[in-house]
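As structure tokens, the structure follows; a few thoughts come after it.
Protein chains: 2
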Amino acid sequence: MTIVCSPIGIIYSPYGSPEGTPIQPVYSKGVQGRVEIFPDYRAGLADLEGFSHIHLIYFMHRVEGFSLTCTPFLDTRTHGIFATRAPRRPNPIGFSVVELLGIDGGILTIGGVDIVDGTPLLDIKPYVPDFDVRLQVKTGWYEHAENRSQVIADNRFVLTDKKKSDSDADV
Amino acid sequence: MTIVCSPIGIIYSPYGSPEGTPIQPVYSKGVQGRVEIFPDYRAGLADLEGFSHIHLIYFMHRVEGFSLTCTPFLDTRTHGIFATRAPRRPNPIGFSVVELLGIDGGILTIGGVDIVDGTPLLDIKPYVPDFDVRLQVKTGWYEHAENRSQVIADNRFVLTDKKKSDSDADV
Chain A
154 MTIVCSPIGI
164 IYSPYGSPEG
174 TPIQPVYSKG
184 VQGRVEIFPD
194 YRAGLADLEG
204 FSHIHLIYFM
214 HRVEGFSLTC
224 TPFLDTRTHG
234 IFATRAPRRP
244 NPIGFSVVEL
254 LGIDGGILTI
264 GGVDIVDGTP
274 LLDIKPYVPD
284 FDVRLQVKTG
294 WYEHAENRSQ
304 VIADNRFVLT
314 DKKKSDSDAD
324 V
Chain B
154 MTIVCSPIGI
164 IYSPYGSPEG
174 TPIQPVYSKG
184 VQGRVEIFPD
194 YRAGLADLEG
204 FSHIHLIYFM
214 HRVEGFSLTC
224 TPFLDTRTHG
234 IFATRAPRRP
244 NPIGFSVVEL
254 LGIDGGILTI
264 GGVDIVDGTP
274 LLDIKPYVPD
284 FDVRLQVKTG
294 WYEHAENRSQ
304 VIADNRFVLT
314 DKKKSDSDAD
324 V
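Chain order of the listed sequences is A and B. So the number in the working numbering is just where the residue sits in the first sequence, counting from 1, plus 153. So the number in the working numbering is just where the residue sits in the second sequence, counting from 1, plus 153.
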């Protein structure tokens, strides 16, 4: 079974490549970007401006292949990919909670951007604490993460030609 | 540009059709389901069991077509689709925060399920409050939603043959 999606717009940000991009919106406070919604989909934005925060769901187009285990930025130990937020996933779908600063026609101005410039957008959903907030939780390895200061991505998930040839375990 | 995804597993739940399914996990407390991860992807589950809550990202396979505006379950007014969590979206990708109750091989037992039985799973990400919680937010129309008691889906987003022929505004 294959599932086919089409972008509804493009996300623009100051981050031209994965390396150097903050790993989560909370590490990108004050950094603005914009989202251009394609004209055919703009009617779907009605009443979105009342929400201060939105989920962006996007396709991480710079990711090539995937690995079922990885050492995430915030730790020194290896974990299963589904126990991390790392990008080289079987389906490289990302989501970010960003601030919605304004809407002008089909252009959204957003704050707290951890997304690479030019990323295809698949969906927008409003952030609603009643649905999205869980406070009494356990967070496994993250509770004892050993490298919490690394909040900006390095190139570990970017495949260079050398890494590609070394990467037998990757798919 | 088209984007192609492949399921990593299937979500099983007590809800055989969209009609009658809780509209969010918070309205499905205590209801269990399971996720069967396909054998090729099970190595990616390592260390996930330490997390009490996970995001499931899935393809809403029972949705046909989309509409750019809708009247969501919780309101009596019409809004743009991206200002709602309703399912008939241009890319019908859903996400739910569910409780992870256990993992046995490639089978996850989950709690708080608002997902239709047989739904293809695209990704799992751990729920991490540091990344996922925003408390100081505005939620637009939802703050004054006029039908808050409707927390179980009716058939409004299920296309019957009659509705299909009436549905000129839909795509």
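The beta carbon of each residue, even a glycine, is placed where N, CA and C say it ideally should be.
Test item: CB-CB of I207 of chain A and I161 of chain A under 8 Å: No, Cβ-Cβ distance for I207 of chain A and I161 of chain A is not below 8 Å.
Proximal residues to P225 of chain B (C-beta, below 6 Å), its chain only, five neighbours per side dropped: T237, A239
CA-to-CA distance, G264 of chain B to L254 of chain B, given in whole angstroms: 7 Å
Under 8 Å by beta carbon: chain B residues contacting M154 of chain A: S159, P160, P273
Meets three-Cβ-pair contact criterion under 8 Å: the region 207 to 220 of chain A and the region 172 to 179 of chain B: Cβ pair count under 8 Å is below three, so no.
C-beta neighbour in chain B for Y168 of chain A, strict 8 Å: no
Check whether V250 of chain B and D285 of chain A have beta carbons under 8 Å apart: yes
Length of the line joining the Cα atoms of D323 of chain A and L227 of chain B: Any reading at D323 of chain A must be qualified, since the residue scores a pLDDT of 45, below 50, and its modelled position is unreliable; the value itself is stated next. C-alpha separation (whole angstroms): 45 Å.
Start-to-end residues for the beta strand (DSSP E) that takes in P273 of chain A: 272 to 279
Status (buried if at least 16 other CB within 10 Å, exposed otherwise) for V157 of chain A: It is exposed - the Cβ of V157 of chain A has fewer than 16 other Cβ atoms within 10 Å.
Buried versus exposed, by CB contacts within 10 Å (16 or more), E252 of chain B: buried
Under the three-state DSSP convention, the category H297 of chain A falls into: helix
Environment of P279 of chain B [buried if 16+ CB atoms lie within 10 Å]: buried
Minimum length 3: unbroken beta strand (DSSP E) runs contained in the region 190 to 260 of chain B: 206 to 212, 246 to 257
Cβ-based contacts, 9 Å cut-off: residues of the region 186 to 213 of chain B near chain A: I190, D193, Y194, R195, A196, G197, L198, A199, D200, L201, E202, G203, F204, S205, H206, I207, H208, I210, F212
Residues within the region 286 to 307 of chain A neighbouring chain B, beta-carbon criterion of under 9 Å: V286, R287, L288, Q289, V290, K291, T292, G293, W294, Y295, E296
Coarse secondary structure for Y165 of chain A, derived from DSSP in three states: Correct three-state label for Y165 of chain A: strand.
P126 of chain B vs V290 of chain A beta-carbon contact at 8 Å: Residue 126 of chain B falls outside the range modelled here, since chain B spans only 154 to 324, and no answer is possible.
For P178 of chain A, the three-state DSSP class (helix, strand or coil): helix
Beta-bridge pairing of Q185 of chain B - partner residues as DSSP gives them: B:G264, per the DSSP bridge assignment.
Per-residue burial, P167 of chain B [other beta carbons within 10 Å of its own, 16 or more giving buried]: exposed
7 Å Cβ cut-off: residues of chain A touching D283 of chain B: V179
Option nearest E299 of chain B by Cα separation, candidates B:Y211, B:H232, B:I164: B:H232
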